[in-house]
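Working notes for the structure below.
Protein chains: 6
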Amino acid sequence: MSRFDGREIDQLRSTKINKDFLLYAEGSVLIEMGNTKVICSASIEDRVPPFLKGKGTGWVTAEYSMLPRSTQTRKIRESSRGKVEGRTQEIQRLIGRALRSVVDLDALGERTVWIDCDVMQADGGTRTASITGAFVALALALHKLYEEKAINKIPLKNMVSAISVGVVNGEPVLDLCYEEDSNAKVDMNVIMTDNGEFVEVQGTGEESPFTRSELNRLLELAEKGNRELNEIQREALGPVAELIG
Amino acid sequence: MSRFDGREIDQLRSTKINKDFLLYAEGSVLIEMGNTKVICSASIEDRVPPFLKGKGTGWVTAEYSMLPRSTQTRKIRESSRGKVEGRTQEIQRLIGRALRSVVDLDALGERTVWIDCDVMQADGGTRTASITGAFVALALALHKLYEEKAINKIPLKNMVSAISVGVVNGEPVLDLCYEEDSNAKVDMNVIMTDNGEFVEVQGTGEESPFTRSELNRLLELAEKGNRELNEIQREALGPVAELIG
Amino acid sequence: MSRFDGREIDQLRSTKINKDFLLYAEGSVLIEMGNTKVICSASIEDRVPPFLKGKGTGWVTAEYSMLPRSTQTRKIRESSRGKVEGRTQEIQRLIGRALRSVVDLDALGERTVWIDCDVMQADGGTRTASITGAFVALALALHKLYEEKAINKIPLKNMVSAISVGVVNGEPVLDLCYEEDSNAKVDMNVIMTDNGEFVEVQGTGEESPFTRSELNRLLELAEKGNRELNEIQREALGPVAELIG
Amino acid sequence: MSRFDGREIDQLRSTKINKDFLLYAEGSVLIEMGNTKVICSASIEDRVPPFLKGKGTGWVTAEYSMLPRSTQTRKIRESSRGKVEGRTQEIQRLIGRALRSVVDLDALGERTVWIDCDVMQADGGTRTASITGAFVALALALHKLYEEKAINKIPLKNMVSAISVGVVNGEPVLDLCYEEDSNAKVDMNVIMTDNGEFVEVQGTGEESPFTRSELNRLLELAEKGNRELNEIQREALGPVAELIG
Amino acid sequence: MSRFDGREIDQLRSTKINKDFLLYAEGSVLIEMGNTKVICSASIEDRVPPFLKGKGTGWVTAEYSMLPRSTQTRKIRESSRGKVEGRTQEIQRLIGRALRSVVDLDALGERTVWIDCDVMQADGGTRTASITGAFVALALALHKLYEEKAINKIPLKNMVSAISVGVVNGEPVLDLCYEEDSNAKVDMNVIMTDNGEFVEVQGTGEESPFTRSELNRLLELAEKGNRELNEIQREALGPVAELIG
Amino acid sequence: MSRFDGREIDQLRSTKINKDFLLYAEGSVLIEMGNTKVICSASIEDRVPPFLKGKGTGWVTAEYSMLPRSTQTRKIRESSRGKVEGRTQEIQRLIGRALRSVVDLDALGERTVWIDCDVMQADGGTRTASITGAFVALALALHKLYEEKAINKIPLKNMVSAISVGVVNGEPVLDLCYEEDSNAKVDMNVIMTDNGEFVEVQGTGEESPFTRSELNRLLELAEKGNRELNEIQREALGPVAELIG
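Protein chains in written order, with my numbering: chain A, 1 to 245; chain B, 1 to 245; chain C, 1 to 245; chain D, 1 to 245; chain E, 1 to 245; chain F, 1 to 245.
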């Protein structure tokens, strides 16, 4: 089988992580996976939300948004509508959970890290690219805190990355672009740590249900994809990667 | 190991589906799984949302809400806050996708089925109970349409049910109550058809990541649970069950 | 004259108050008046709204909502619309005032009682049924506080109940069902204490104005209805009723 | 007993209705009752709300608002808060019902009359003053339509006015000013037609319940007050009054 | 050239400032410029917004609103829409900046002055009339504070007024009424102190751009207009004017 | 005097306009003025807002937003707050007016051009950079329409650009960066066409009023700045520039 854009079944799109993309953020990257481009930033604030006040522990929260012309036809701004869509909330919650799963919140102390993922261009896989990029921005921001001696180690237990897999034209494939995603009968996002464990698995067969063996094949593809993304994260982080875990 | 409420590792809570619970709805049930109680109704409207107008196809959409005192401490009403929380939106979208996966929307014709899941009492597993109960309400409403000869077959390809599984005290268990859910390191919701295929798998290890073999064991428990729930649905539906698929 | 459902002019519908209907609420009932069914709960919170802080006095507030399929055709959820309708606000304010009129707020201390009235099925008279049922839920919740020795008497000065009356087909009748309500030229809600005084009288002749003598006849019917409702409340409360006033 | 401002028990405050107060409105007045001042306008629009489209009948709807400094301390604008308070909605609904009760909506034809009541200064009784003034604005606007020959009679069946009564210091009194209203144990608003029938009666004893005989005395005071207000309306309307009913 | 309403090119409309127009406000006026009528009030609150807390300095903020029938056709209330329009926000911000420019906020102390400008009738120039009138209301309110000895001087550095100018039918004119404003190719609002300096200049040529010399001519007209308005303000203020600056 | 960043009094920051910055938009640029970076896109939609329907004319509208970490400390998203701030609305309206002033809306036909200005990094002058960049994006989008032969000429009457000027440390300067802007006593934005006429002039002396001669000097600086920006726009547009006007 040949894929829409000539890739192999188990091949990631060309992926780049450009670090320190924004001047003012404590940590930031531009992650590009094929035509998908997401600006990820991590901002550190010296206080926590009310439900954590005085507990000596920190918090990581995420926001996600698409620029109106990140997509093929213009999308109405959520600020103009006056409300955040269900899809956006779902993605924000997913990114937040994924990152919190590798942060030692007690070691972070009474601080909040705000993760912002702003999609500049959307060609499929924006939520998984957001997680992969946001992890790097988060590590950079925490490293800065460490260099300023505000904390005595980087409070990260693991690295985390995410990739989409799906069944397209009857075949399980890795890293779906928009065109493939629109035609997939099954669509799955898999978030993993750098030691090969699962943080979150979300698979949906809205068009048609899927079998246990399809599920197994999809998980294998995702394991391969996440191993490769983890390598790209390590390169982007350079020596900072050594201070994690 | 003995569970919090004395159940076996792979044992469902006592489950009842009381059909025709509401006087006016086209289809309705009260589903009880242990102390969790959800009123599910299906309402049929003779028009579709704007994005489907004139396409000759139907739609199924779901809303989910918790009564303020369904929980141990009172929850603020979303109508009073003026917005629907992210968690609610996530659940509504999940219920909608689960039911649409088994409906033949073309055969439904230009109609919308509104599914309402109102949690009267919440002791864990409200979203999966909602799906299991809502399927029965949906089938009853479609059967009514069929009896009125508005359609010439019930436009359902399969039956669908859902159950939660999780890792509690280091052990994979079936059908978590609230107490277990609060202490689970992994929490997974599994939605399946009555022929044993997967519609949706959502597993989260926010507290700690999980291995591939834990994932496999959880899926097996979910398969068993969904087989049993499907039996309970069949009993509730009686002869209507024969007209599905 | 014979009424729509065969009742006498001055006859209440069959009324039941099932107490302790919800597992977690401090006080709760399901009240049924014919086909009208309302879940009423009372939740006690150990703080007061900002305008009462530090004044040593308590507060009682009410919220009212209809399940989407409590009605003959589905009603849009107020949480989905993002705002609470005028009718709902009017009813919530009415229930709150009615209950506060019999509570000794100083003796309650710095606590708020949240009353929730959720209409499961609506066949007319939901606001008056809410008041009648909510009073019982409130008394049960306060009795619990008394049993826990948090207060040394139940801070209720009187019992309170409510009933609708109206002019249907030219004749004043008691306790209108939906069908009658839709055809009434005058519609009145009368809230009374158990010693026969008025807490609130709201009569509207939108279709046509009414005379002083019609008003008098409606008040007499309401007096009879409220006396009977008060008996049903006493039975539901059992020995708790002895501790009131 | 002597009242706060020296009036007799059954004496209205000094009341003036200045007609054509606004340049652009089809009908408008400034009504002054003591220090209470309300600008009332009636605007005619050649269409009806969606629920009446094509039914050949018209609609009358009302909005009510208080200027921020109409009150002793500044009130936050509802536009700044982003929502209309329950009290405002209750009053708007009351004014709308009161006026619709005397309009022949079929004879009005497919038109909407928007009534706006903006309180410039608030010293008690703003809702009843709004109704009394709005009726005159409405009649003026309909008269204009009649003069333009858009309709062949003024579609008003009766005149309508409203007044507050209450029990202050144990005594029933007519037309409460703010100071009295704050100290009233019972507060009642009574809306009547010019032939002495009741359109709406709303009496509340939040501070303490009231007896049937107190209720009767309050209704008598209200009857006297409304007769006098009706005279003032007639004077303001001049010959237009002859064309009503 | 003769203007729409017979005025000279450089002639203001007849302008009146009626002071103490509202009973309860600390300072208030009704300003009339031709048919444009605005109620301006100044309310003093003994606290400041959060961003100024504890800094020993005060704040002045403004709100602007139009009555629904201030205009030729009825305008929907912003409270009903649930949001404040861009135009309104722009005007509110403009009024606030204009007044703050002449207030010594340190000398005001930790107080907020709320300025409310409510347009009763709109015939062009409502934002400039609001500024001119609001300054007088502000001065009256501060004078009251001074008389109560809460401050030992009136914390106003200058007087401030505003006027509109524009190019109508190819000719620069002073103080546009609505008819002229609708036909202007250039529209400019000029806010000045009583010693002839500029506080704000906002000129827009949406219909067609304008030259430097047109701009110069418009500024001269505005200088003349503001000098005359300043005289009218002085007269309204009487001896209070002597205490400013 | 030496400026904060070493520039001359009348020197622009280094300015680059990178065209076709986004893959999907009909027209787009990234404009950089020193550290200020704004993504501008123009999207063409084949319909007009309701108030223009059927009039054969088009519309241009603009939206402006800042990424949360475009600024030195994180800014809360307007979508999360649920409302668009006054400052944002003011800027959006300004950009829209500026662009409409040079578009021949009749020649555009029944189309809407949506301009989106998303600030990636903010170091002062974001609103003027938005206008200068958005004009290029607009011209590119209209040129695309022209190339597709949907229109037979580019419906632009002129080019338009904008620059800020202000009085910093007592001296009028061109193109303020954030540091200068925070310390300016007068701040002015000047929008001009490429033939040297003014489209909009907005000057504010919130800190202190300004004289006529200061105003004159500021306008001269703005004229110089806009001439230079117009050259940079021409270079970015290349041959498309020849088709304008």
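C-beta: ideal position from N, C-alpha, C; glycine also.
Range of the contiguous alpha helix (DSSP H) that encloses residue i
i         : result
Gly225(A) : 212 to 237
Phe198(F) : First-last for Phe198(F): 198 to 204, but that is the beta strand (DSSP E), not the alpha helix (DSSP H).
Glu246(A) : Outside the displayed span of chain A (1 to 245) sits residue 246(A), for which this structure offers no information.
Ser41(B)  : From DSSP, Ser41(B) is part of no alpha helix (DSSP H) but of the beta strand (DSSP E) over 36 to 45.
Gln72(A)  : That residue, Gln72(A), is in no alpha helix (DSSP H); it is neither H nor E in DSSP.
Whether residue i touches residue j by CB criterion (8 angstroms)
i         : j         : result
Val113(B) : Leu156(B) : no
Val165(D) : Ser101(D) : no
Asn169(E) : Asp194(E) : no
Ile95(E)  : Ile131(E) : yes
Val201(A) : Gly203(B) : yes
Ala139(F) : Ile232(F) : no
Ala129(D) : Thr36(D)  : yes
Ser79(E)  : Ser182(D) : no
Gly133(B) : Ile31(B)  : yes
Arg111(B) : Glu45(B)  : yes
Element boundaries [beta strand (DSSP E), containing residue i]
i         : result
Leu105(D) : Taken as a continuous stretch (DSSP letters only), Leu105(D) belongs to no beta strand (DSSP E), being part of the alpha helix (DSSP H) at 105 to 108.
Gly27(E)  : 27 to 33
Ala162(F) : 160 to 168
Lys16(A)  : 15 to 19
Through-space distance from residue j to residue i, alpha-carbon basis
i         : j         : result
Arg87(B)  : Met66(B)  : 11 angstroms
Pro49(B)  : Ile115(E) : 46 angstroms
Arg74(F)  : Ala150(C) : 47 angstroms
Glu197(A) : Ser213(A) : 20 angstroms
Ala162(F) : Leu174(F) : 11 angstroms
Ile191(E) : Arg47(B)  : 56 angstroms
Glu206(F) : Cys117(D) : 37 angstroms
Ser43(A)  : Gly27(A)  : 7 angstroms
Leu145(B) : Leu23(B)  : 16 angstroms
Glu90(D)  : Gln72(B)  : 33 angstroms
Pro239(D) : Tyr178(D) : 34 angstroms
Val167(A) : Gly125(A) : 14 angstroms
Arg7(C)   : Pro68(C)  : 29 angstroms
Leu12(A)  : Gly225(A) : 7 angstroms
Leu176(F) : Leu221(A) : 53 angstroms
Pro209(C) : Glu180(D) : 29 angstroms
Leu215(F) : Arg227(F) : 19 angstroms
Contact belief for residue i with residue j at Cβ below 8 angstroms, rounded distance in angstroms
i         : j         : result
Arg234(E) : Asn189(E) : With 8 angstroms as the limit, Arg234(E) and Asn189(E) do not qualify as a contact, their Cβ atoms being about 22 angstroms apart.
Gly56(C)  : Asp106(C) : 7 angstroms
Ala261(D) : Val136(D) : Given a span of 1 to 245 for chain D in the structure shown, any question on residue 261(D) remains unanswerable.
Val160(C) : Leu99(C)  : 7 angstroms
Ile39(D)  : Glu171(D) : Not a contact, Cβ separation roughly 33 angstroms.
Ala122(B) : Ser70(B)  : 4 angstroms
Gly82(D)  : Gly34(E)  : No, Gly82(D) and Gly34(E) are not in contact; Cβ-Cβ is about 34 angstroms, not under 8 angstroms.
Contacts of residue i in chain H (Cβ-Cβ under 7 angstroms)
i         : result
Pro209(D) : The question asks about chain H, but that chain is absent: this structure's protein chains are A, B, C, D, E and F.
Report task. Flag this pair as touching only if the region 46 to 65 of chain B and the region 17 to 31 of chain C have three or more C-beta atom pairs under 8 angstroms; answer yes or no. Result -> no
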